[in-house]
Amino acid sequence: MREASTELLVELDAGSNVTDLLLEQHAANPAHALYRRKGPNGWVDVPAAKFLQDVSALAKGLIAGGLEPGDTVAVMSATSYEWTLVDFAIWFAGGVTVPIYETSSTRQVEWIIRDAGVRRVFAQDRAMAELVTGVVAGSPPLRDRLVNVVRMDSDGEAPNLASLAAAGAGVSDAELERHRSRAGLDDVASLVYTSGTTGNPKGCEITHGNFALVAKNIVAFLPELLVQDQARTLMFLPLAHVLARAVQVVCLTAGATLGHTPGAAQLLEDLGTFKPTFLLVVPRIFEKVRATAAHKAVVTGKGRLFQAASAAAIAYSRDLDKQSRGEGTGPGLMCRIRHGLFDRLLYPRLRQAFGGQVGYTVSGASPLAHDDAHFFRGAGIPVLEGYGLTETTAPCTANTPSRTRVGSVGIPIPGTTIRVAEDGEILVKGIGVFKGYHGNAAANAEAFVDGFFRTGDLGVLDADGFLTVTGRKKDLLVTAGGKNVAPGPLEEVIRAHPLVGHAVVVGDGRPFVSALVTLDPEGLENWRSERGLPPLTVREATSDPGVLEAVQDAVDHANQLVSKAESIRSFTLLDAEFTVESGHLTPSLKLKRSAVVQDFQAEIARLYA
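For the sequence shown, the positions run 1 to 609 when full-length UniProt numbering is used.
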């Protein structure tokens, strides 16, 4: 058993809460732009004074409507400035925010509203408001309890944000302060429901202390990102996800200007106009940017040049990594010359894809391929990979600019201890660990051991305290021959191929290991056009010899990581995409392995026929 800890850097008064972070920023500089909203004519600053004014008005409206401290209020919306505004208004009124993903099914919406005891819901627009009211109408217990549904869009019919603020005009500042200051660090700030890859989602009780202490200590832990003039970032991850919420509170604490974009589809365009200085990214975005850059190079006759630049970036980063491990002196002379040449010729164009001013990126939610991490760091876009769960208020470990090891998820954040148990399970104790599962004593009894939260993830700690995640306990496959196989690393390598959308390794109880592979439509089109081939649909591609050969190469590359007994012996290409809408990905783009295995039983059976 091995442990690693990082000492707490910042403490807070037990009677404080998340709302004090906003008051601190307002007191420091009411004119400072905490947020930036996208309008028809570009981005518009929202000063701290304006944000506090609007938050207070909405909070008074909630109080006028009967909200008492501790009441739960749901928010169902895509990422937006209004989401942030509503979140802080709920906290100022003394309420508990309950996020609902905008992609949630009616069954999930019904379960969360019922389990959390929600009486008020903020909905993004007419469609989501009607979904909520329809769910409530079909459930007599909910129908009797729900007070109202408030629309958040600017064209919303009453009740909407404007009418809610107007309703609170008679609430005094003293009454608002009574509600705002009621909660302390130990009180619940949000019920964040897990993605529900199996069974009903569980509500994680995230406290004011979890959010505030993590935010204060992350700012002190990563000053290179957050404590700088005009620090700003663009949020595109769903705010229903705890990682996005935690980063949002971190930005407020640091005074970093935050913009919002509703999803990955709009991200690249908004990056060009917002120009963030740091960015929270999921691995799929890195994969897409690199694949797109490689394709553009091929079609413009610069494919070999791009390959050389890619190799130079990766070599440069690998040498930096060896140096950090004490295994070398850093990039050699020729490596630096090659890197310097491409840093003038090609890397700046790649950096423009992220807006041109990004100093650091933070990768989370799922593992990032080592080659991608090295490629982007070598190209001048350093990637700091971190690790966390809903139950740890997202980050519990992270790489830092001065302490980075590619392939690891970094060292414990301040106030956190990581322990790896004898069976390899990662255990966490610290400032971000949640209070417990809402109304679920049985789950809470299983979740903790010796005061540590049991993550269900497997990992190893090195002598310097860097954690490497190796897989999920429940995902481990045991073949008929008794061989334990961790599917994650194999899937990661296969997915790195431009043709591949997702890969799911199977073989539990089977004589050998196999894989289900989906094709990336954009990657397929790029692959086809680069070779001058006629149009090819995804369905046609699943049996195309050239495509099959290319995917086999990716599988062979992955098999180099493992022994013959653990290697993938067969695979099949699926005429399908794994998406949030199909039910095979969580809103944070994690694979729902059990859903894939359930829905593609016939295809799996044919692999072993």
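All C-beta atoms, glycine included, are put in the ideal place defined by N, C-alpha and C.
Open item on the list: Only counting the same chain, and skipping five residues up and downstream in sequence, which positions put a Cβ closer than 8 Å to that of L267?
Closed with: L234, F236, T261 and I285
TODO: Answer with buried or exposed for K202, where buried requires no fewer than 16 other C-beta atoms within 10 angstroms of its C-beta.
DONE: buried
Task: Same chain, Cβ closer than 6 Å to V289, five either side skipped, listed in chain order - done: A353
TODO: In the DSSP assignment, find the beta strand (DSSP E) that holds I426 and state where it starts and stops.
DONE: E425 to G430
Task: Length-filtered (4 minimum) alpha helix (DSSP H) runs lying within the region 354 to 429 - done: 370 to 378
Task: Under the three-state DSSP convention, the category L476 falls into - done: coil
- [ ] Kindly list the residues whose CB is nearer than 7 Å to the CB of F375, restricted to its own chain and excluding five residues on each side of it in sequence; keep chain order.
- [x] Only R290, S310, A313 and I314 meet the Cβ criterion.
Task: Boundaries (first-last residue) of the alpha helix (DSSP H) holding Y437 - done: Here Y437 belongs to no alpha helix (DSSP H), and DSSP marks it neither H nor E.
Open item on the list: Going by DSSP, what residue range makes up the alpha helix (DSSP H) through D115?
Closed with: In the DSSP annotation of this structure, the continuous segment of the alpha helix (DSSP H) that includes D115 starts and ends at T106 to A116.
TODO: Kindly confirm or deny that the region 242 to 262 and the region 295 to 311 touch, where touching means at least three C-beta pairs closer than 8 Å.
DONE: no
Open item on the list: At the level of alpha carbons, what is the spacing between A93 and T84?
Closed with: 14 Å
Open item on the list: One question on the structure: do T393 and V214 come within less than 8 Å of each other, judged by their Cβ atoms?
Closed with: yes
Open item on the list: So the candidates are I413, R472 and V428; which of them puts its Cα closest to the Cα of F453?
Closed with: Selected option, being the one with the closest Cα: V428.
Open item on the list: Taking 8 Å as the threshold (beta carbon to beta carbon), is S77 in contact with chain D?
Closed with: The structure shown contains no chain D, having only a single protein chain.
Open item on the list: Please return the same chain residues whose Cβ sits closer than 6 Å to the Cβ of A231, not counting the five positions on each side in sequence.
Closed with: A256 and T277
Open item on the list: Along the chain, where does the alpha helix (DSSP H) containing G39 start, and where does it finish?
Closed with: That residue, G39, is in no alpha helix (DSSP H); its beta strand (DSSP E) goes A33 to G39.
- [ ] For P99, name the three-state secondary structure that DSSP assigns.
- [x] strand
- [ ] Quick one: residues in its chain with C-beta nearer than 8 Å to the C-beta of G451, no 5 flanking neighbours on either side, listed in chain order?
- [x] Around G451, the same chain offers K429 as residues with beta carbons nearer than 8 Å, after the five sequence neighbours per side are excluded.
Open item on the list: What does the alpha-carbon distance come out to for the pair R180 and T19?
Closed with: About 7 Å.
Open item on the list: Judging by CA-CA distance, which residue of A246, E577 and E3 is the nearest neighbour of L21?
Closed with: A246
- [ ] Report the option in I431, G488 and A443 whose CA atom is closest to the CA atom of E7.
- [x] I431
Task: Exposed unless 16 or more other CB atoms sit within 10 angstroms - verdict on V44 - done: Classification for V44: exposed.
TODO: Between the Cα of K564 and those of K483, K590 and K592, spot the shortest distance and give me the residue it belongs to.
DONE: K483
TODO: Under 7 Å Cβ to Cβ from L131, same chain only, skipping five residues before and after it: list those, please.
DONE: T106 and V109
Task: With 16 other Cβ atoms within 10 Å as the buried cut-off, status of Q148 - done: Per the sequence shown, residue 148 should be read as Asn rather than Gln. The residue is exposed, with fewer than 16 neighbouring Cβ atoms inside 10 Å.
Open item on the list: On the CB-based measure, 16 or more other CB atoms within 10 Å of its CB, does V504 come out buried or exposed?
Closed with: V504 is buried by the Cβ-count criterion.
Task: Contact set for A293: own chain, Cβ-Cβ below 8 Å, skip 5 residues either direction - done: Answer for A293: F306, R349, L350 and A353, listed in chain order.
Task: Backbone secondary structure at T292 - three-state DSSP - done: helix
Open item on the list: My parser needs the beta strand (DSSP E) runs of 3 or more residues fully inside the region 165 to 200; what are they?
Closed with: For secondary structure counted as the beta strand (DSSP E) over 3 or more consecutive residues, the region 165 to 200 holds these complete runs in sequence order: 188 to 193.
Open item on the list: Taking the alpha helix (DSSP H) that L320 belongs to, which residues open and close that run?
Closed with: G303 to S324
Task: Environment of R405 [buried if 16+ CB atoms lie within 10 Å] - done: buried
TODO: On the DSSP bridge assignment, give the partners of E3 in chain order.
DONE: Residue pairing for E3: DSSP places it in a beta bridge opposite R419.
Open item on the list: With DSSP as the reference, identify every bridge partner of R454, one or two as the case may be.
Closed with: The bridge partners DSSP lists for R454 are L427.
TODO: Assess, as a yes-or-no matter, whether the region 405 to 416 is touched by the region 216 to 229 under the definition of 3 or more beta carbon pairs within less than 8 Å.
DONE: yes
Open item on the list: Within the continuous beta strand (DSSP E) that includes V75, where are the two ends?
Closed with: T72 to M76
Open item on the list: Restricting to Cα atoms, I'd like to know which of D464, V75 and G436 is closest to R2.
Closed with: D464
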